[in-house]
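Read through the structure below, which is laid out as structure tokens, and then see the notes.
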Ligand SMILES: Nc1ncnc2c1ncn2[C@@H]1O[C@H](COP(=O)(O)OP(=O)(O)OP(=O)(O)O)[C@@H](O)[C@H]1O
Ligand SMILES: [Mg+2]
């Protein structure tokens, strides 16, 4: 149909794997736990254990490795850059290569490898979170996890509602963008050719009507919400109930074991 | 049909204030009573105050002068706006801008979540409401993948799940195709008949008024005419003078009888066809 129709929201892959069925709160916490583990790890063995663990989770999510790695595209550049910087900047140990003032030394290579592995593991792990958890579940999980913060004045409910409404309206607004582009093109605006400046200027013809309509939608939606008795988070119940199950218990148990193992093997 | 008034407007006036602080009168000294179980259609020009009337009925707006009573409450003088809004549901024109949930059932849940219905009961009510509007098979569907008529049915499900006594449709069929329009009208007629929900249908289509118990014609913030469809549409000249449309059958009958064809006042296309056939056979 149209180009914008298949715009992916997040990168969620629906499924029923063990990982998919974990409570979103458990998965969110797990990303934090994993981050701590990654920063505890400081030698080859501990990194290898964590890499193996990540691999297991990838397997457990029953999403193809290719697909997972493709999702990491934006991170590759960052990885390469950190690797290069560390190789060139960190000094110490045997000099492997010297090229004018540029040198590659043992300590540099070690650091470069470790830091990039760290980054790669973190990126991989958090992408597994969004791959196996629907955005709606994520918003719910976040709302529950952050709930205590509402007592100190953080508008947790409002933030979560904002997220879900944004999710609800992204497809609608994409459709609308598509319509506006076609309408403006039929009026003779050319989005395809011309210099960068001209093209940017033509973008105004899309952005302005889109904003006008988005504001009108927001106003009508606010009215409709009020008409349906919306009055903030207080006294509100939820259809989607989150429940920890044996799966989550098992997952947390594994986390404890990992902590023990990494604490023991790290130098 | 005659029973206790459910909604009562007494000398209600309402103003919007423009950017210069000037008061724009929208409703003037309006009196209106809606009885429980009625099916009322409101027609009138653009800007005649129909939407304002609807919003006054569930306390989205409060009267500047006069009183609006909904059930036991006065909208201007109560803390119970939430109960009023649960009792009087409002469906708007644009289906896209009133669906909050990311799936059909999430959207139906929205109102129930607002009024604090426990999750287990919510489940039952959602299923029943979706079944009532014929959307049970679409519970998990994302709203942007529905047709206009399906979206409006979802919106109606979201409201009947809250068990209201009044359902107001503010041009809810205006953006639909004829098929979708027909589906929605059949649905609300059924809700009115079977579930006893009072229906107030604001519409630009005079055809939607012929089956109502009562038609209210608005003009410049006032009630211009009201009565049974038969009585209101009998006065075709008066309606047409103000630029309001009448149902096609009524218009044809009017022309024919004005040109000497002996044909009695009628409302439905079917009646018109029967009368014409009778005339033809008795020639
Ligand atoms: N938010 C507002 N601020 C100022 N004026 C308004 C506002 N909403 C409506 N009006 C004015 O109030 C009058 C009545 O509006 P209302 O929306 O009730 O008319 P309506 O009968 O529903 O019209 P339509 O058939 O176009 O929906 C109009 O003249 C309109 O311009
Ligand atoms: Mg209106």
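Residue numbers (the numbering used here), protein chains in the order written: chain A, 1 to 267; chain B, 1001 to 1283. Glycine included, C-beta positions come from ideal geometry on N, C-alpha and C. Since this is a predicted model, take the numbers as computed values, not measurements.
- Minimum Cα-Cα distance from residue 1035 (chain B) among the listed residues B:1005, B:1026 and B:1042 corresponds to B:1005.
- Ligand 1 never approaches residue 202 (chain A) closely enough for any of its heavy atoms to be under 6 Å from the residue's Cβ.
- Interface annotation for the stretch 1048-1066 of chain B against chain A: 1058 and 1060, criterion Cβ-Cβ distance under 7 Å.
- Residues of the stretch 1101-1124 of chain B with a Cβ closer than 7 Å to any Cβ of chain A, in chain order: 1101, 1102, 1106, 1109, 1110, 1111, 1113, 1114, 1115, 1116, 1117, 1118, 1119 and 1122.
- Assignment of beta-bridge partners to residue 1025 (chain B) by DSSP yields B:1015.
- The beta carbon of residue 1050 (chain B) sits closer than 6 Å to at least one heavy atom of ligand 2.
- Cβ-Cβ distances below 6 Å link residue 1188 (chain B) to 1199 in the same chain, with the five nearest sequence neighbours on each side left out; the list follows chain order.
- In this structure, the straight-line span from the alpha carbon of residue 1055 (chain B) to that of residue 1097 (chain B) is close to 16 Å.
- Around residue 235 (chain A), the beta-carbon contacts reaching into chain B at under 7 Å are 1116.
- Ranked by Cα distance from residue 107 (chain A), the first of A:92, A:101 and A:120 is A:92.
- For residue 202 (chain A), the enclosing alpha helix (DSSP H) begins and ends at 196-227.
- The three-state secondary structure of residue 1009 (chain B), taken from DSSP, is strand.
- Residue 1030 (chain B) has its alpha-carbon roughly 7 Å from the corresponding atom of residue 1009 (chain B).
- Taking a contact as a CB-CB distance under 8 Å, the pair residue 63 (chain A) and residue 124 (chain A) does not count as one, their CB atoms being some 12 Å apart.
- The straight-line gap separating the alpha-carbon atoms of residue 210 (chain A) and residue 31 (chain A) is approximately 36 Å.
- In this structure, DSSP gives residue 1224 (chain B) an extended state, which the three-state scheme calls strand.
- Neighbours of residue 1082 (chain B) across chain A, judged by C-beta separation under 8 Å: 229 and 231.
- Contacts between residue 1153 (chain B) and chain A, judged by CB atoms closer than 9 Å, are missing: the closest CB pair is about 15 Å apart.
- Take the alpha-carbon of residue 1049 (chain B) and the one of residue 22 (chain A): they are about 52 Å apart.
- Secondary structure at residue 57 (chain A): helix, using DSSP grouped into helix, strand and coil.
- For residue 119 (chain A), the enclosing alpha helix (DSSP H) begins and ends at 106-132.
- Taking the Cα of residue 58 (chain A) as reference, the smallest distance to any Cα among A:18, A:77 and A:223 is reached at A:18.
- For residue 1047 (chain B), the Cβ falls inside the 6 Å cut-off from some heavy atom of ligand 1.
- For residue 1015 (chain B), the Cβ stays outside the 6 Å cut-off from all heavy atoms of ligand 1.
- Put simply, the backbone Cα of residue 251 (chain A) is about 41 Å away from that of residue 218 (chain A).
- The beta carbon of residue 110 (chain A) sits closer than 7 Å to none of the beta carbons in its chain outside the five residues before and after it.
- Taking 9 Å as the upper bound on Cβ-Cβ separation, chain A lies near no residue of the stretch 1007-1024 of chain B.
- Excluding sequence positions up to five before and after residue 1018 (chain B), its CB lies within less than 8 Å of the CB of 1024, all in the same chain and listed in chain order.
- By the rule that beta-carbons nearer than 7 Å mark a contact, residue 14 (chain A) does not touch chain B.
- DSSP places residue 1113 (chain B) inside the alpha helix (DSSP H), whose first and last residues are 1104-1114.
- In the structure shown, residue 42 (chain A) adopts coil according to DSSP, grouped into three states.
- Excluding its 5 nearest sequence neighbours in each direction, residue 145 (chain A) has C-beta neighbours in its own chain below 7 Å: 25 and 28, listed in chain order.
- Our two residues, residue 223 (chain A) and residue 1260 (chain B), have alpha carbons roughly 52 Å apart in a direct line.
- Contact fails between the stretch 1059-1077 of chain B and the stretch 1251-1258 of chain B, because fewer than three Cβ pairs, one in each stretch, are under 8 Å apart.
- Rounded to whole angstroms, the separation of the alpha carbons of residue 1052 (chain B) and residue 1045 (chain B) is 13 Å.
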